[in-house]
Amino acid sequence: MDRKLLDILCCPTSKQPLALLGGAELEAINRAIAAGGVSRADGSPQAEALDAGLITRDRRTAYRIDDGIPVLLADEALATDTIDGFPR
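Position one of the sequence shown corresponds to residue -12 (the working numbering), numbered consecutively onward.
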């Protein structure tokens, strides 16, 4: 992801800056998705594994990146506190 774009992106709800998900974070989320344990903020299940994602500074909310495009919709946010083994 372009560094300049990443510098201006923020969470649509909390307005916190966003950073790219690291390997361990992405692995934990994808493990939970495979187990059927991840829901979006609107309550719908996150069925597909993430190739990449963004996370808020407080590490509580993650957003997926689809085909290089950040999906920064509040209803599609993933709460990391519901994911077992998510690195803090």
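Yeah, the Cβ is synthetic: ideal placement off N, Cα and C, and Gly gets one too.
In this structure, how does DSSP classify residue i when only helix, strand and coil are distinguished?
i, result
"Gly55", "coil"
"Leu(-8)", "helix"
"Ala39", "coil"
"Ala61", "helix"
Please report the straight-line C-alpha distance between residue i and residue j, rounded to a whole angstrom.
i, j, result
"Ala19", "Glu35", "11 Å"
"Ala92", "Arg(-10)", "The structure shown does not extend to residue 92, since the chain is modelled only from -12 through 75, so no value can be given for it."
"Arg44", "Val58", "17 Å"
"Lys2", "Asp71", "25 Å"
"Ala22", "Thr69", "13 Å"
"Asp38", "Thr0", "23 Å"
Output the residue ranges of the beta strand (DSSP E) runs that lie fully inside the segment -2 to 37 and measure 3 residues or longer, sorted by chain position. 5 to 7
Would you check if there are 3 or more beta carbon pairs closer than 8 Å linking the segment 7 to 22 to the segment 35 to 49? yes
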